[in-house]
Structures are given as C-alpha cells and as structure tokens.
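Colleague: Throughout, the working numbering is defined as the position within the sequence shown, counted from one, plus 50.
We put the beta carbon where it would ideally sit given N, CA and C, even for glycine.
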Amino acid sequence: MIQAPLPNGLRYDVRLVPDAARGERVARALQSAAAADLLAELRLRTGVGEGPSSKSHSRDLVAVALAETGRVGIDAEYRAAGRPIEKIAHHLMDAAPSDMMAAYRAFTFWEAHYKACGHFPEKALLRAVAGSAAPAQEMDGLFVLHCGVEDDFSLTLVWAQL
C-alpha cells in the first residue's frame, strides 16, 4: 500500500485486490468494488470528504486519488510481457518512444490526463512526458507524478490546481 501526501490536499493510495493471485486478471466488478472501497477508506483516513477523485485498476491492482480542489486523474497499467506498448505509444504521440518505460509513461499519462482534464493531451505534450524520466514534474500547467508499483505496474498521477 502507498499513501503519499502531495500539494493542494492531493492524496493517492494503491492496493492489491484481496485474494487475487499476483498479476492475475481480476473481474472488472471486483476491481471496481475494490477501487470504490479504497477511495472511501482514503476519504475517511484523510478527512477529504468531498472534492475531485479518480480511480484506476489493472489486473490485481487498484489505485485511487483525491484532492480537496482542482482536477485529478490517475492511471495504472500492468507491464505485461509481449504487450505492444511501444506501438501503442507511437500511435498516440506520432513518434517512437525511446524505450518501454517511456512508452508506459506516455500511455499512463494519456489516460490520467483524460481523467483529469476531460480531453486527451496534445501529441507534443505526450512526447515531452515520454522523454522525461523525472518522477515528478510540472508540464503545461499540470503536475505529473510517475512511479512503479510492485515492480509490475506503471502509475501516473496528473493534477491541476484551480
């Protein structure tokens, strides 16, 4: 489990789905229920009862984020062997990523950005995110955090203060 305080009352937490085998595909209903439970627990623990929130799930992992104000988006992806993530990233940003991790940064940012902003990011912004291995950065008025979880997942958190 990860819980990290960030600026603007932003919080996020990550948890493995109970009783699921490591890296196992978990039914969407179980993922959704686990994410909803984790978000409710995070709101209770932090006292942030209202405000924007975002959820993500991938295989046996759920991730949630919330803020007191602003916009927030979170995305987690399982790093599956054989997944054509570099081709997916190339399609999204019209450029080849430098490596697999850059591709996951681009893809998770693309989804987290959509959740936070309501639209997909421009291709130039995707290329900038993919090209920076910095774990935390500010880009185009957004704060971005990238991290690995459990050695098998890539996670990106995007938030903006209003």
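Between A152 and F159, what straight-line distance do the alpha-carbon atoms span, to the nearest angstrom?
Modeller: Within the sequence shown, numbered from 1, the residue matching residue 152 stands at position 102. Within the sequence shown, numbered from 1, the residue matching residue 159 stands at position 109. Distance between the alpha carbons of A152 and F159: 10 Å.
Colleague: Pull the bridge partners of L205 from the DSSP assignment, please.
Modeller: To locate residue 205, count along the sequence shown from 1; it is residue 155. The partner list for L205 (beta bridge, DSSP) reads A126, C197.
Colleague: Report the start-end ranges of each beta strand (DSSP E) in the stretch 112-189 that is 3 residues or longer and not cut off at the edges.
Modeller: The qualifying runs are 121-128, 186-189.
Colleague: Would you kindly work out how many angstroms separate the C-alpha atoms of D190 and V64, rounded to a whole number?
Modeller: Reading the sequence shown from its first residue, position 140 is the one you call residue 190. Reading the sequence shown from its first residue, position 14 is the one you call residue 64. Going from the Cα of D190 to the Cα of V64 covers about 26 Å.
Colleague: One question on the structure: do F157 and L175 come within less than 8 Å of each other, judged by their Cβ atoms?
Modeller: Taking the first residue of the sequence shown as 1, we reach residue 157 at position 107. Taking the first residue of the sequence shown as 1, we reach residue 175 at position 125. Result no, Cβ atoms of F157 and L175 do not sit closer than 8 Å.
Colleague: Have a look at the DSSP bridge pairing and note the partners of S108.
Modeller: Within the sequence shown, residue 108 is the residue found at index 58, counting from 1. S108 is bridged to L111.
Colleague: Please return the same chain residues whose Cβ sits closer than 6 Å to the Cβ of S106, not counting the five positions on each side in sequence.
Modeller: On the sequence shown, residue 106 is found 56 positions in, with the first residue counted as 1. Cβ neighbours of S106 beyond the five flanking positions: A113, I124, D125, A126.
Colleague: Within its chain, find whatever has a CB closer than 7 Å to the CB of V98; leave out the 5 residues flanking it on each side and keep chain order.
Modeller: On the sequence shown, position 48 is the one that residue 98 refers to. The answer, listed in chain order, is G59, R61, L116, E118.
Colleague: For A77, does the three-state DSSP call read helix, strand or coil?
Modeller: Along the sequence shown, one-based indexing puts residue 77 at 27. Under the three-state reduction of DSSP, A77 is assigned to coil, being neither helix nor strand.
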